[in-house]
Structures are given as C-alpha cells and as structure tokens.
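Protein sequences appear in the order of chains A and B. Under my numbering, the first residue of the first sequence is numbered 316, with each subsequent residue one higher. Under my numbering, the first residue of the second sequence is numbered 4, with each subsequent residue one higher. Every residue gets a Cβ at the ideal spot worked out from N, C-alpha and C, and that includes glycine. Since we're looking at a predicted model, the values are computed, not measured. Working notes for the structure below.
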Amino acid sequence: MKFRAKLVDAACLNNFTRVSNMIAKLAKTCTLRISPDKLNFILSDKVANGGVSMWCELEQENFFSEFQMEGVSAENNAIYLELTSENLSRALKTAQNARVLKIKLTNKHFPCLTVSIELLSVSSSSRVVTHDIPVKVIPRKLWKDLQEPTVPDADVSIYLPVLKTMKSIVEKMKNISNHLIIEANLNGELNLKIETELVCVTTHFKDLGNPPLASENASQDRNSEQMAEVHIDIRKLLQFLAGQQVNPTKATCSKFAF
Amino acid sequence: MEKVPADWKEREGFSRRWWKRRTLGQVCEQKPARGLGLTLLVTASLSPLFLAQLSLRTVNSSRSAYACFLFAPLFFQQYQAAIPGQDPLRCKILMKSFLSVFRSLAMLEKTVEKCCISLNGRSSRLVVQLYCKYGVRKTHNLSFQDCESLQAVFDPAVCPHVLCAPARVLGEAVLPFPPALAEVTLGIGRGHRIILRSYQEEADSTVKAMVTEMSIGGEDFQQLQAQEGVAITFCLKEFRGLLSFAESANLSLSIYFDGPGRPAIFAIKDSLLDGHFVLATLSEPDPHPQDLRAPELQQPAPQLQAHSTPHLDDFALDDIDSYMIAMETTVGSEGSRTLPSTSLSPGFQPHCSPGSHSEEEDDTEPSTVPGTPPPKKFRSLFFGSILAPAHSPQGPSPVLAEDSEGEG
Numbered sequence: 316m317k318f319r320a321k322l323v324d325a326a327c328l329n330n331f332t333r334v335s336n337m338i339a340k341l342a343k344t345c346t347l348r349i350s351p352d353k354l355n356f357i358l359s360d361k362v363a364n365g366g367v368s369m370w371c372e373l374e375q376e377n378f379f380s381e382f383q384m385e386g387v388s389a390e391n392n393a394i395y396l397e398l399t400s401e402n403l404s405r406a407l408k409t410a411q412n413a414r415v416l417k418i419k420l421t422n423k424h425f426p427c428l429t430v431s432i433e434l435l436s437v438s439s440s441s442r443v444v445t446h447d448i449p450v451k452v453i454p455r456k457l458w459k460d461l462q463e464p465t466v467p468d469a470d471v472s473i474y475l476p477v478l479k480t481m482k483s484i485v486e487k488m489k490n491i492s493n494h495l496i497i498e499a500n501l502n503g504e505l506n507l508k509i510e511t512e513l514v515c516v517t518t519h520f521k522d523l524g525n526p527p528l529a530s531e532n533a534s535q536d537r538n539s540e541q542m543a544e545v546h547i548d549i550r551k552l553l554q555f556l557a558g559q560q561v562n563p564t565k566a567t568c569s570k571f572a573f
Numbered sequence: 004m005e006k007v008p009a010d011w012k013e014r015e016g017f018s019r020r021w022w023k024r025r026t027l028g029q030v031c032e033q034k035p036a037r038g039l040g041l042t043l044l045v046t047a048s049l050s051p052l053f054l055a056q057l058s059l060r061t062v063n064s065s066r067s068a069y070a071c072f073l074f075a076p077l078f079f080q081q082y083q084a085a086i087p088g089q090d091p092l093r094c095k096i097l098m099k100s101f102l103s104v105f106r107s108l109a110m111l112e113k114t115v116e117k118c119c120i121s122l123n124g125r126s127s128r129l130v131v132q133l134y135c136k137y138g139v140r141k142t143h144n145l146s147f148q149d150c151e152s153l154q155a156v157f158d159p160a161v162c163p164h165v166l167c168a169p170a171r172v173l174g175e176a177v178l179p180f181p182p183a184l185a186e187v188t189l190g191i192g193r194g195h196r197i198i199l200r201s202y203q204e205e206a207d208s209t210v211k212a213m214v215t216e217m218s219i220g221g222e223d224f225q226q227l228q229a230q231e232g233v234a235i236t237f238c239l240k241e242f243r244g245l246l247s248f249a250e251s252a253n254l255s256l257s258i259y260f261d262g263p264g265r266p267a268i269f270a271i272k273d274s275l276l277d278g279h280f281v282l283a284t285l286s287e288p289d290p291h292p293q294d295l296r297a298p299e300l301q302q303p304a305p306q307l308q309a310h311s312t313p314h315l316d317d318f319a320l321d322d323i324d325s326y327m328i329a330m331e332t333t334v335g336s337e338g339s340r341t342l343p344s345t346s347l348s349p350g351f352q353p354h355c356s357p358g359s360h361s362e363e364e365d366d367t368e369p370s371t372v373p374g375t376p377p378p379k380k381f382r383s384l385f386f387g388s389i390l391a392p393a394h395s396p397q398g399p400s401p402v403l404a405e406d407s408e409g410e411g
C-alpha cells in the first residue's frame with residue numbers, strides 16, 4: 316500500500332483545509348478512502364437517535380499536482396484509513412503559508428499519514444513542519460460498510476436558502492425546542508418550525524427552487540403545494556450547519572418516506 | 004532565615020516608582036504557571052561596583068522551573084532602596100495577589116499614569132499604588148512574608164551549547180504545536196538545523212497522538228553553538244511564557260543547555276532588565292532513535308566528508324552525580340526534608356533512570372537531593388539559602404504561601 320500526493324496551489328490548499336475543518340466539526344473520527352481518482356471522507360455514525368452520516372467526495376486532480384497511490388491489491392485498488400479528524404485539520408492549519416504540502420502514508424512504528432509542509436520563509440533557509448498523524452488501516456472485510464450511500468428517490472427535494480441564514484435561525488430555535496420540523500414542497504417553499512406547549516415558531520422561505528426530480532412518477536402524483544415533513548434533532552442539524560465552511564453552489568435537502 | 008533588622012521595620016523601607024508598568028505586568032504574567040510565591044529581592048550598596056537592583060524570582064511547586072527577572076534602577080523613574088550597607092531586603096508574596104494588581108494590561112496602559120511600590124516594614128505589607136487618571140488612586144496592600152533567599156545556581160557560561168535567535172523566530176517555531184502540549188524536544192539535526200519535536204509520554208501507547216516536528220535552518224539563528232545530535236526535552240508551557248514576553252519586547256532569546264537531565268537556561272536581556280528561566284530537562288534518552296534526523300524535504304547538506312555524520316541516536320547517558328545541580332536546602336533546625344516528587348504531566352509514570360545510580364543512592368551525597376518517592380524523570384532544581392547562618396524561620400506575619408518543599 317502506498318500513497319503520496321503533493322499540493323502546491325494556495326487556493327486548493329485553502330479548500331482542502333476547509334473541507335478538513337468541516338469534517339473535524341462533525342465527528343471525532345472519520346474514514347479516509349483513497350482511490351486513484353478520488354479522496355473520500357466518510358462518516359458513518361450509526362447512532363439510533365438520528366446519527367449523522369456523511370459521504371464527501373473530492374476529485375483528486377482538483378487539488379493535487381501529484382498523486383500516486385497503490386491500493387491493497389490490483390482488484391481492490393483503494394486504501395481505507397481511519398483517523399482522528401481533528402489531527403488532520405490541525406496539521407493543515409499550520410500550512411497557511413506553505414510553499415509545498417506533501418501527504419504520504421508512512422510507517423513510523425505504526426502507520427501514519429505524514430503531512431509535510433515546506434513554509435515560505437523570509438530567510439534563505441527553508442522551514443519544514445512535519446506532522447505524523449496516526450492512522451488505522453481498515454481491513455477489506457469492513458469496506459462494505461463504507462460505500463457510497465444510495466440516495467433513494469425523494470418525495471420532495473428543495474434547494475436550501477443561504478446556509479448562514481438558516482444557521483442563525485436554527486440557532487435561535489435551539490433554545491426553545493430540541494426538535495425541528497422541516498417542511499418543504501415542490502413549489503420552492505420551505506418552513507422551519509418548532510412547536511412547544513407554549514409557543515410555536517415558524518420561519519418561511521419562498522422561491523427556493525427545486526432540483527429536477529429523478530423519477531417522473533413522483534412529481535406527477537404529488538401536489539406541488541403539499542408539504543413533506545420531517546422531524547429532526549435540532550442539535551444535529553446545527554452541528555452540520557456550523558461545520559459548513561465550504562460555500563456550496565447548491566445545497567439540497569431531500570425528504571424521504573421510510 | 005534572617006531576621007529583619009529592628010530598625011528597618013521602623014522605617015518605611017524603600018520605594019520605587021515604576022515607569023514601565025506594562026513591562027512589569029507582562030513580566031509577572033510570564034512566571035512559571037505553578038509558582039506560588041514571588042520573591043522580591045532588593046539590593047543596595049555603597050559600592051558602585053555592585054549595582055542596586057530589584058529582582059523578582061519564582062519557582063514552581065515541583066521545583067522544575069525557576070524564573071528570575073532583574074531590574075536595573077534605571078528601569079524606574081525613582082528608585083530608593085533602604086540604606087546602603089543593609090542586608091538585601093527580601094520578601095515573598097503570593098503570586099495571585101501580585102498578579103491581580105496588574106491584571107488587565109490594556110486597562111493599565113490606558114488609565115494608569117504612575118505606579119509606586121514600597122515596602123512597609125511596620126505592617127509587613129507591600130504597598131502598590133496605582134495613580135490613575137482623573138485623580139483615582141488605587142492602593143493595594145499585599146501581605147508578604149520574610150523568606151530565605153531563592154537562588155538557583157546556574158551559570159550559562161558552563162553550558163557547552165548555545166542557541167540565540169530573535170524571539171520572533173522562536174515564536175514561529177513553536178506555532179505548529181498544540182497549545183496543550185506539555186513538553187517539547189529541542190535538538191540539533193543534520194545540517195545544523197534546529198529541530199523542535201513534540202514529546203509524548205511513552206506510557207500512554209493506547210492513544211497515539213499526532214507528532215509534530217518543526218525544522219528551522221541555522222541561518223535564522225544569531226548564534227548557534229551546538230553539536231549535531233544533541234537534544235533536550237523541557238516544558239513547552241513554561242518556555243512559551245518567556246517567549247511571549249520576549250516577543251512583545253522584541254528581544255532575542257538565548258538558550259544555554261548541556262545534555263538531557265541538566266537544566267536549560269533561557270535568557271533575555273535588555274539594557275534595563277535581565278530575565279532568566281531555568282527549566283529542568285528530561286533525563287532519559289529520547290525513546291525513538293530517529294527523531295532528530297532531518298526530514299526528507301530539506302535540501303540535503305553537502306556531504307563533504309567520507310565519515311558519517313555523528314550518530315544522532317546516542318544521547319549522553321545520564322550521569323547523575325556529576326551533573327546534578329543542587330543546593331543545600333534551607334535547613335535551619337529542621338534537618339533535610341524530603342522533596343516532593345516531580346510530576347510534570349498527569350499521566351506521568353515513574354521510571355528508573357539509566358545508569359547505576361538510583362535515586363536512593365543520591366541520599367548519601369550531601370550535595371544532592373534527598374531521595375524522593377518514585378524516581379522522577381525530570382531532575383528538580385533545588386533551591387535554598389546561600390547564606391550560612393540559619394535563623395528561626397518564623398516571622399510574625401501569617402504564612403501565606405507555604406514553602407513548597409514540605410508539600411507533596
């Protein structure tokens with residue numbers, strides 16, 4: 316198993332750091348999947364009470380100027396590593412003034428992801444920061460739990476409003492109730508609602524737009540004004556919203572009936 | 004401990020006016036975190052050769068870190084010590100009390116015009132007066148207790164290795180390390196690169212922590228006199244304290260050190276003040292041999308000689324007897340006391356130091372520390388009175404900060 320990659324562009328480094336920060340805010344440990352074209356960050360929190368699971372995919376060539384990997388075997392050309400997400404984000408934080416960033420899989424008494432940063436320096440000599448992040452190699456037999464989740468056909472899919480706005484609203488609602496009701500319809504309307512014995516607060520968003528639905532049948536059957544509703548744990552949603560550092564072009568919220 | 008001369012008690016003592024109050028506040032903030040007491044020592048003399056000066060000293064409870072700041076009289080607008088010829092005035096104040104006077108530096112800068120510090124022998128109080136804007140005057144009366152001299156024996160000149168760099172460079176060097184990191188290893192790597200590496204307690208192997216290493220070229224240093232392969236491990240937190248002061252005052256910081264187990268001296272100097280931090284260093288060799296090898300990214304140093312570079316793995320064996328710095332503790336009538344066991348980090352595991360000498364054997368040597376329960380990794384620095392005559396230690400004032408020797 317081998318992996319080495321080199322990153323030289325400041326903007327790419329910035330984005331990569333933000334992704335890593337986002338992951339660190341969501342969960343303590345995460346899985347990093349390395350394949351020839353992609354890097355994936357996978358979180359699968361199978362907590363009964365509405366855990367957060369996440370699949371994040373990065374096209375390797377969008378970030379790295381050099382990328383070489385050799386997986387477990389030719390048929391299974393991937394590497395799955397488990398690491399503490401905070402370690403990676405902390406390591407990348409020190410790379411703010413980096414000339415070159417290199418990541419490679421090493422074995423220093425135990426498997427590590429070594430992040431090596433050459434800093435820009437005013438003086439003639441170079442300064443190098445090296446971080447050895449301990450990782451655990453995940454055996455082949457556990458790979459099946461870490462595959463890309465299949466997204467079933469949704470009842471309703473809607474584009475979210477600006478996440479910052481949504482976050483500040485949900486933050487205030489958190490003080491009143493533990494559960495948030497999200498309603499959305501195919502007419503571009505989204506409601507964030509909390510209900511308690513004493514008070515009921517709803518925030519309405521209009522004209523949000525809906526992504527094109529996967530299957531024709533669903534849209535035909537459904538009245539576009541009819542709201543689909545889910546109840547979620549407000550703190551989990553807030554954790555997700557707080558972690559968002561990458562400004563998405565579009566954020567979609569889809570509701571499924573199970 | 005010396006008795007305060009009777010006639011001195013009757014007088015007001017001395018007074019100083021602080022001109023650079025901000026500096027003093029900053030100096031106080033940099034004291035080793037666990038220092039309980041702050042010792043003030045004022046000396047005055049007729050002879051121009053021996054300069055009057057004010058010193059602030061402190062040591063932490065485990066006696067593994069010592070700090071001393073010396074202020075020349077010119078630092079102050081007005082400096083008036085007791086009558087020259089008197090024995091140096093010496094008192095111990097609770098650090099917390101003293102710090103609370105200079106709590107907010109920003110506020111001090113904005114509102115305080117003048118600061119006056121004086122010793123009131125009659126009431127055994129250190130009086131700090133802050134003359135603020137708009138006619139406001141804040142007076143703080145801090146109880147002090149007479150104490151023995153707190154003096155570590157150390158001499159930068161005998162240390163074979165010296166590093167000196169602007170504080171800014173060292174500040175940048177410690178930036179990658181997490182704020183919570185307790186200890187760091189400083190060493191010289193191949194090609195005269197200065198390497199800082201996070202130090203992990205070997206005992207806690209279930210939770211593997213991230214290891215961070217910073218490598219800086221020797222060209223960034225003003226002075227670099229050290230062998231390749233030499234390394235010491237010391238408390239980063241204490242070092243950060245002095246470093247942040249040095250950075251704010253735009254000074255250079257010098258590090259004088261020897262080998263593992265021997266204290267390292269960190270010094271800053273200005274025309275008006277002089278600061279020293281003496282920190283104990285880890286006495287066992289670094290467990291991971293490859294540590295100080297220069298990382299692959301560094302431009303390879305030209306290999307001119309045929310012989311290999313000095314083997315970085317062999318650190319000087321801990322030769323306890325010759326190198327331990329110790330002093331006779333203040334004995335008075337009490338005899339030698341058991342020193343507290345040093346525990347710098349919570350997860351600390353005792354271990355037996357390499358070499359034939361165990362802690363217990365050191366008991367027999369009068370100049371070394373009496374044996375302490377479990378053998379420590381860090382050598383403590385031991386302090387005590389350098390004055391021969393021992394007087395009854397108890398003064399009339401209440402004991403505010405127990406002499407930490409008696410504490411576990």
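Backbone secondary structure at B:Asn412 - three-state DSSP: Because chain B is modelled from 4 through 411, residue 412 of chain B falls outside the range shown and cannot be assessed.
Closest by C-alpha distance to B:Leu173, when choosing among B:Glu250, B:Gln226, B:Arg196 and B:Gln56: B:Glu250
One or two residues paired with A:Asn506 in a DSSP bridge: A:Glu498 and A:His519
Beta-carbon spacing of B:Tyr259, B:Ile268 below 8 Å: yes
Within-8 Å CB hit, B:Met110 to chain A: no
Among B:Glu186, B:Ala155, B:Leu145 and B:Gln81, the one whose alpha carbon lies nearest that of B:Ser127: B:Leu145
B:Glu204 in three-state terms, based on DSSP: coil
Cutoff 8 Å: A:Phe425 Cβ touching any chain B Cβ: yes
CB contact below 8 Å: B:Pro181 versus chain A: yes
Alpha carbon of A:Val516 to alpha carbon of A:Lys508, nearest angstrom: As the crow flies, the alpha-carbon of A:Val516 is around 6 Å from that of A:Lys508.
Opposing strand residues paired with A:Trp370 [DSSP bridges]: A:Ile357
Test: A:Asn330 CB closer than 8 Å to a CB of chain B: no
Cβ of A:Asp447 within 8 Å of any chain B Cβ: yes
Contacts around B:Phe280, its chain only, beta-carbon distance under 6 Å, and the 5 residues preceding and following it disregarded: Ala70, Leu245 and Phe269
Contacting residues, own chain, Cβ-Cβ under 6 Å from B:Gly278 (five flanking each side not counted): Within the same chain, B:Gly278 has close Cβ partners Phe72 and Ile271.
Coil, strand or helix - A:Ile338 by DSSP: helix
First and last residue of the uninterrupted beta strand (DSSP E) at B:Lys211: Unbroken run through B:Lys211: none, as it is neither H nor E.
Residue of A:Ser440, A:Ser350, A:Leu475 and A:Thr346 minimising C-alpha distance to A:Met614: The structure shown does not extend to residue 614 of chain A, since chain A is modelled only from 316 to 573, so the question has no answer here.
Listed by chain order, chain A residues near B:Leu178 by CB distance under 8 Å: Thr409
Beta-carbon proximity list for A:Gly558, same chain, < 7 Å, skipping 5 on both sides: Non-local C-beta neighbours of A:Gly558 in its own chain, meaning closer than 7 Å and more than five positions away in sequence, comprise Met337, Lys340 and Leu341, ordered along the chain.
Identity of the residue in A:Glu390, A:Gln411, A:Val323 and A:Ile484 nearest A:Lys350 by Cα: Checking the sequence shown, residue 350 of chain A turns out to be Ser, not Lys. Per the Cα distances, A:Glu390.
Completely contained beta strand (DSSP E) runs for the segment 424-468 of chain A, where each covers 3 or more residues: 426-434 and 442-452
Touch test, the segment 429-439 of chain A against the segment 404-419 of chain A, Cβ-Cβ under 8 Å, three pairs minimum: Because the criterion of three Cβ pairs below 8 Å is met, the segment 429-439 of chain A and the segment 404-419 of chain A touch.
Under the three-state DSSP convention, the category B:Gln302 falls into: With a pLDDT of 31 at B:Gln302, under the threshold of 50, the predicted position of this residue should be treated as unreliable, though the coordinate-derived value follows. Note: B:Gln302 maps to coil in three-state DSSP.
With 16 other Cβ atoms within 10 Å as the buried cut-off, status of A:Pro527: The residue in question, A:Pro527, is exposed, as its Cβ has fewer than 16 Cβ neighbours within 10 Å.
Contact check, A:Gln375 vs A:Leu403, beta carbons under 8 Å: no
Spatially closest choice to A:Leu513 from A:Ser335, A:Phe331, A:Asn377 and A:Ile491, by CA coordinates: A:Ile491
Where B:Ala183 falls, given that 16 or more other Cβ within 10 Å makes a residue buried: exposed
Below-8 Å beta-carbon distance, A:Val452 vs any chain B residue: No, A:Val452 lies away from the interface with chain B (no Cβ there is under 8 Å from its Cβ).
Range covered by the beta strand (DSSP E) that runs through B:Val130: Arg128 to Cys135
Identified DSSP bridge partners for A:Glu385: A:Lys317
Cβ pair count under 8 Å reaching 3, the segment 162-178 of chain B against the segment 111-120 of chain B: No, they do not touch.
DSSP state of B:Ser255 mapped onto helix, strand, coil: strand
is_contact[B:Lys211, chain A] using C-beta, thresh 8 Å: yes
Proximity test, Cβ basis, 8 Å: B:Val187 and chain A: No, no contact with chain A.
Buried or exposed by the 16-neighbour rule on C-beta atoms within 10 Å, applied to A:Asp447: buried
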